[in-house]
Amino acid sequence: MSKVDFIHSQHAHCESGVTANLLRHAGIQISEPMAFGIGAGLFFAHVPFLKVSGTPATTFRTWPGAVFKRVTQRLHVTVHTEKFRTPEKAMAALDNALDNGIPVGMQGGVFYLPYLPEVFRFHFNAHNLVVYGKEEGQYLVSDPVLEYTTTITPDDLARARFAKGLPEPKGFMYYVIDAPKQVDYTQAIRQGIAQTCFFMLSPPLRWFGNKAIFLLADRIRKYPRKLTPRRASLYLGNIIRMQEEIGTGGGGFRYLYAAFLQEAGTLLQRDDLQQYAAKLTEIGDSWRSFAYHAARLVKDRQTDVVSYNDLSDMLREIGAKEKAVFEEMRKIQW
Amino acid sequence: MEISEVPQDMPDYQGRNNVRRLVYATDRQGRYTGVTSVGWDPEHIALKQAWEEVAGTLAETAEQVRQGRLSPLAWFMRKHLMDVPLLARYAGKWQWQVRRHLRPAVFRRLSPQTLQRYADVFQVTAAELQSFDGERTS
Chain A
2 MSKVDFIHSQ
12 HAHCESGVTA
22 NLLRHAGIQI
32 SEPMAFGIGA
42 GLFFAHVPFL
52 KVSGTPATTF
62 RTWPGAVFKR
72 VTQRLHVTVH
82 TEKFRTPEKA
92 MAALDNALDN
102 GIPVGMQGGV
112 FYLPYLPEVF
122 RFHFNAHNLV
132 VYGKEEGQYL
142 VSDPVLEYTT
152 TITPDDLARA
162 RFAKGLPEPK
172 GFMYYVIDAP
182 KQVDYTQAIR
192 QGIAQTCFFM
202 LSPPLRWFGN
212 KAIFLLADRI
222 RKYPRKLTPR
232 RASLYLGNII
242 RMQEEIGTGG
252 GGFRYLYAAF
262 LQEAGTLLQR
272 DDLQQYAAKL
282 TEIGDSWRSF
292 AYHAARLVKD
302 RQTDVVSYND
312 LSDMLREIGA
322 KEKAVFEEMR
332 KIQW
Chain B
4 MEISEVPQDM
14 PDYQGRNNVR
24 RLVYATDRQG
34 RYTGVTSVGW
44 DPEHIALKQA
54 WEEVAGTLAE
64 TAEQVRQGRL
74 SPLAWFMRKH
84 LMDVPLLARY
94 AGKWQWQVRR
104 HLRPAVFRRL
114 SPQTLQRYAD
124 VFQVTAAELQ
134 SFDGERTS
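Protein chains in written order, with my numbering: chain A, 2 to 335; chain B, 4 to 141.
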């Protein structure tokens, strides 16, 4: 029986939310957008030959685990991370940390988290949550995408922590050991922005970064000719879900990133960051508009070439806008 | 997106519990803040579509089990939103083994141990797994 005094706050995204909540517990007052930006969470990738439940893989964010790792490195926070061979060891390590009064962040498969509404429970293994205590045989859970805290049985939690498929969490857990009294945000913000620009603009492969938006645009143009109506519509639906459904804060994380730029601009008193924030907001609006039109095609089961061409054009426009912003941001003089 | 534009579209289908989630929007001065939202129609449409696809595949599979063309294992696999590679990972089998076990004739001859392994993955008893005949659709 142990319980840590842990303040739960709701956030848009699981990993940046867990990161912010854990750091706040350690005494660093950081917002979710700040954690997301410093951790360079923004990304885009479309890998047609990598199928997730039968649909091409599309993501608007960086790979799981990266945000927590980068933020804690950049703010010089000492952390402990660990993976396990067996559920027994993983659960024992968790209990041990809780007995020492430490709230623990961990990765788990959404399919095995009964406290989430059933409609969200697909096989998605990169979800993050915090366990902050154990009472009457149940673990106390702070899941940042929910408004309230909840509980889970040891059996269910062990299943979620050892979910199989891609990626496999293998009981991955992490917690803060020591946090500095004062943190230097200037350097951390710079590194975060530089890394996001790098990942957006530099990958030489067309599946990753800004280039992938154009790749997706080309693919969508071909959907009516290459796919059955049902497939085409499923593929579109999957993009909408990746963009809006899975806790992105709207517009495929673009609003969240704009909120980061704005906060950074205020903190460092830089007008240029404020302007980039405004541009990212507009880009977020364009993504929303794309999702809106795509959803209409999904709903009406339309497969006429014109509508798919329109969607493709919208994406190309978004891709061009994003490219321009990140190229400007790459040249920021600090 | 401004705060006043944050959609509050109630989901119109069952099973989507009333969960409010956080989105980021700007106030009149353009300052960002978090706003809770019950959802947005485009995301409801996409989510609904994904579940209709699941239900459709499950119904087709049940029919094939009824006709004796697939083993009950196929239905449980679909019911748990899995495909062959994923089920193979969970059961600790090779993919070709799982594919064979989807054939009714092979499935009937499975050893109790293998059957139990699959039953554990789906959190049912071995008897429940064996006795499924495609009639139960829940």
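Each residue gets a CB set at the ideal place from its N, CA and C atoms; glycine is no exception.
Annotation: the continuous alpha helix (DSSP H) that includes residue 294(A) extends over 272-301. If you draw a 10 Å sphere on the C-beta of residue 50(A), you find fewer than 16 other C-beta atoms in it, and that means exposed. Annotation: the continuous beta strand (DSSP E) that includes residue 139(A) extends over 139-143.
Along the length of the segment 99-133 of chain A, whole beta strand (DSSP E) runs at least 3 residues long occupy 105-109, reported in chain order.
Within chain A, the residues whose beta carbon sits less than 8 Å from that of residue 23(B) are 148, listed in sequence order.
In the DSSP annotation of this structure, the continuous segment of the beta strand (DSSP E) that includes residue 40(B) starts and ends at 35-40. Secondary structure of residue 207(A) (DSSP, three-state): coil. Interface with chain B (8 Å Cβ-Cβ cutoff): residue 290(A) is excluded. Neighbours of residue 312(A) in chain B, taken as residues whose beta carbon is under 7 Å from its own, are absent, since the nearest beta carbon is some 13 Å off.
A Cβ-Cβ separation of about 22 Å leaves residue 50(B) out of contact with residue 37(B) under the 8 Å criterion. Within chain B, 52, 53, 56 have C-beta atoms less than 9 Å from the C-beta of residue 235(A), given in sequence order. Between the alpha carbons of residue 184(A) and residue 31(A) lies a gap of roughly 10 Å. Going by beta carbons, residue 81(A) and residue 175(A) fall inside the 8 Å limit. When rounded, the separation of the alpha-carbon atoms in residue 151(A) and residue 107(A) is 15 Å.
Here DSSP, grouped into helix, strand and coil, assigns residue 135(A) to strand. In the structure shown, residue 5(A) adopts coil according to DSSP, grouped into three states.
By the beta-carbon neighbour count (other beta carbons within 10 angstroms, threshold 16), residue 224(A) is buried.
Looking at the DSSP output, residue 48(A) shares a beta bridge with 58(A). Within the DSSP secondary-structure output, residue 5(B) pairs in a beta bridge with 29(B). Contact fails between the segment 254-261 of chain A and the segment 309-317 of chain A, because fewer than three Cβ pairs, one in each stretch, are under 8 Å apart. Within the same chain, and ignoring the five residues on either side of residue 226(A) in sequence, the residues whose Cβ sits closer than 8 Å to its Cβ are 306. Scanning chain B for C-beta atoms nearer than 9 Å to the C-beta of residue 293(A) yields 43, 44, 45, reported in chain order. If you ignore the 5 residues before and after residue 137(B), its C-beta comes within less than 6 Å of the C-beta of 65, 68, 69, all in its own chain and listed in chain order. Neighbours of residue 279(A) in chain B, taken as residues whose beta carbon is under 8 Å from its own, are 33 in chain order.
Taken through DSSP and simplified to helix, strand or coil, residue 190(A) comes out as helix. For the set 206(A), 218(A), 39(A), the Cα lying nearest the Cα of residue 72(A) is the one of 39(A).
Secondary structure note for residue 81(A): its beta strand (DSSP E) is the uninterrupted segment 79-83.
Chain A places no beta carbon closer than 8 Å to that of residue 6(B), leaving this residue out of the contacts. Judged by beta-carbon spacing, residue 216(A) lies within the 8 Å limit of residue 207(A), meaning their Cβ atoms are closer than that value.
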